[in-house]
Amino acid sequence: MNDYWVKGVDLPNLSQPPLRELTDFLTPAENVFFLRHMAAPEIDRREWRLSIGGLVEREVVLSLGDLAAMPQTRICAVHECAGHPHYPTVPVRRVANVSWSGVRLEDVLELSGIGRTAEFIWSYGADSGDYHGVSIPAYVKDLPVSQVQGHGVLLAMRMNEEELSDKHGGPVRFVVPGYYGTNSTKWLVRLELQAARSPGYFTTAMYNDRVVANGMEQLVPVWRMAPHSVIVDPVQGAVLKSDEPLTINGWAWSADEIAKVEVSTDDGKTWSGAELGPREGYAWQRFRVSWDPGSPGLYRLRCRAVDCAGKGQPESGARNSVFSIDVTVK
Ligand SMILES: Nc1nc2c(c(=O)[nH]1)N[C@H]1C(S)=C(S)[C@@H](COP(=O)(O)O)O[C@H]1N2
Ligand SMILES: [Mo]
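Heads up: the sequence shown begins at 44 in this note's numbering, then just goes up one per residue.
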């Protein structure tokens, strides 16, 4: 029984399981973090419709039955929250790895056609309301059309082979594998093709990182996931026995495949390469390293991942900065 989520009680706006609950390759639904920015909408599944408009060749409206009758695809993908939009440099390590099933975005866009001048796809959720004093007409996200084609984007109706729950955005949500969770619009009701980025609050004011390159400040949308890794066994504060073989286990992921994970057991003074599992689809990759601490004491364990393009994790001050825990060896 998990105590961070109580069924039947008013939906809280955030739930996050402790890392010790994340030891399985596929995260069970009850251990998948949950998040929303505004009040959760009420959706009648019989009345639900998805409209596709904007710069399309023809407007399309689909019901749940229409989607269910189309070819279904399953994809395994890591699901990571980018963190609080007001504090983009604070790592929250809010992550899960799940399988999503539903209809490919390409198949739906085939029905509507893509207008010649369309550059962005906007996705609308059914939720609206107050967000920290700002009135939001609808949760809207955007992505370049060129980046979503051929990348497994789904209109998901199932999570881990079960009907998508209300709290995870049912009946249908957008799923953008390899991109931060904020792009995977829950309670999806409309897709729009447009020539420019959306002027919505969550695409302009929030979820844009200020990055300084060549002395110039640039705004970089929070789209593709950066390399990240966490240790899930042992966990923070664990008391371990030195006379038993010890293994440090964790997960690493990024928009691209992870090529290397290193672990330090001396607070970053020395690092050793971990055994790294393969990448399946867009899933996270397992890593492990055996550890002989030698003597009892207090140890700070850290891990860091590098993707196949050579991109790693910053030491501090980023949503994906290097993770650490303290454990005691007796
Ligand atoms: N409609 C809608 N979609 C949304 C959000 C939201 O507030 N409204 N939150 C986003 C954020 S920031 C994250 S991290 C994920 C969380 O998905 P989950 O609750 O299923 O884990 O949904 C995204 N999609
Ligand atoms: Mo998020």
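Backbone N, C-alpha and C fix where the C-beta goes; we use that ideal spot for every residue, glycine too.
Nearest to Val-183 (by Cα), restricted to the options Trp-294, Trp-230, Gln-190, Glu-102: Position 140 of the sequence shown, counted from the first residue, corresponds to residue 183. Residue Trp-230 is the option with its Cα nearest to Val-183.
Paired residues, beta bridge with Trp-143 - DSSP: Locating residue 143 in the sequence shown gives position 100, counting from the first residue. Ile-118, Met-202, per the DSSP bridge assignment.
I'd like the span of the beta strand (DSSP E) that includes Ala-298, first residue to last. One-based indexing of the sequence shown puts residue 298 at position 255. Careful: Ala-298 lies outside any beta strand (DSSP E) and carries neither H nor E.
Helix, strand or coil, according to DSSP, for Val-103 in the structure here? On the sequence shown, position 60 is the one that residue 103 refers to. Note: Val-103 maps to strand in three-state DSSP.
Using 8 Å for Cβ pairs, my map puts Pro-134 next to Ser-364. What's the rounded Cβ distance? Counting from 1 along the sequence shown, the entry for residue 134 is found at position 91. Counting from 1 along the sequence shown, the entry for residue 364 is found at position 321. Right, the Cβ-Cβ distance comes to about 5 Å (below 8 Å), so this counts as a contact.
Residues bridged to Phe-217 by DSSP? Taking the sequence shown and counting its residues from 1, one reaches residue 217 at position 174. Paired residue(s): Leu-198.
Between which two residues does the beta strand (DSSP E) carrying Ser-367 extend? Working through the sequence shown from its first residue, we reach residue 367 at position 324. Unbroken beta strand (DSSP E) run through Ser-367: 366–372.
Through-space distance from Tyr-223 to Leu-186, alpha-carbon basis: Here the question's residue 186 lines up with position 143 in the sequence shown. Here the question's residue 223 lines up with position 180 in the sequence shown. Distance between the alpha carbons of Leu-186 and Tyr-223 is about 12 Å.
Beta-carbon proximity of Val-278 to Cys-346, cut-off 9 Å: Position 235 of the sequence shown, counting from 1, holds the residue named residue 278. Position 303 of the sequence shown, counting from 1, holds the residue named residue 346. No, these two residues do not count as a Cβ contact at 9 Å.
Report all residues from its chain with a CB closer than 6 Å to the CB of Arg-233; omit the five preceding and five following residues, and keep chain order. Residue 233 sits at position 190 when you count from the first residue of the sequence shown. Same-chain partners within the cutoff: Ser-94, Tyr-167.
By Cβ distance below 7 Å, which residues in the same chain neighbour Phe-76 in space, the five residues on each side in sequence not counted? Translated into positions along the sequence shown, residue 76 becomes position 33. These residues qualify, in order along the chain: Ser-58, Gln-59, Pro-60, Cys-124, Arg-137, Ala-139.
Could you check the C-alpha separation between Met-249 and Pro-128 for me, to the nearest Å? Within the sequence shown, residue 249 is the residue found at index 206, counting from 1. Within the sequence shown, residue 128 is the residue found at index 85, counting from 1. The alpha-carbon atoms of Met-249 and Pro-128 are separated by roughly 6 Å.
Tell me whether Asn-251 sits in a helix, a strand or coil according to DSSP, three-state version. What you label residue 251 is simply residue 208 of the sequence shown in a count that begins at 1. Asn-251: strand per DSSP, three-state reduction.
Under DSSP, the beta strand (DSSP E) around Gln-279 begins and ends at which residues? Mapped onto the sequence shown, residue 279 falls at position 236. Segment: none, Gln-279 is in no beta strand (DSSP E) and carries neither H nor E.
Can you find a heavy atom of ligand 1 that lies under 8 Å from the Cβ of Tyr-182? Looking up residue 182 in the sequence shown gives position 139. Tyr-182: yes, Cβ under 8 Å from ligand 1.
Distance, Asn-74 Cα to Val-191 Cα: Mapped onto the sequence shown, residue 191 falls at position 148. Mapped onto the sequence shown, residue 74 falls at position 31. Cα-Cα distance, rounded: 28 Å.
Own chain, CB closer than 8 Å to Gly-51, minus 5 neighbours either side, in chain order: For the purposes of this step, residue 51 is taken as residue 8 along the sequence shown, with counting starting at 1. In this predicted model, Gly-51 has a pLDDT of only 35, less than 50, meaning its place in the structure is not dependable enough to derive any value.
Assumed close pair Arg-343, Ser-315 - CB separation to whole angstroms, cut-off 8 Å: By one-based count along the sequence shown, residue 343 stands at place 300. By one-based count along the sequence shown, residue 315 stands at place 272. Contact doesn't hold; Cβ gap of about 15 Å is too wide.
Through-space distance from Leu-65 to Asp-369, alpha-carbon basis: Start at 1 with the first residue of the sequence shown, and residue 369 comes out as number 326. Start at 1 with the first residue of the sequence shown, and residue 65 comes out as number 22. About 18 Å.
With a threshold of 16 other CB atoms inside 10 Å of the CB of Arg-117, please say whether the residue is buried or exposed. Along the sequence shown, read from residue 1 onward, the residue named residue 117 stands at position 74. Burial call: exposed.
Ligand 2 and Cys-124: does the residue's C-beta get closer than 8 Å to at least one heavy atom of that ligand? The count along the sequence shown starts at 1 and reaches residue 124 at position 81. Correct: Cys-124 has its Cβ closer than 8 Å to ligand 2.
Checking the sheet assignment: what are the DSSP bridge partners for Asn-292? For the purposes of this step, residue 292 is taken as residue 249 along the sequence shown, with counting starting at 1. Partner(s): Asp-276, Arg-331.
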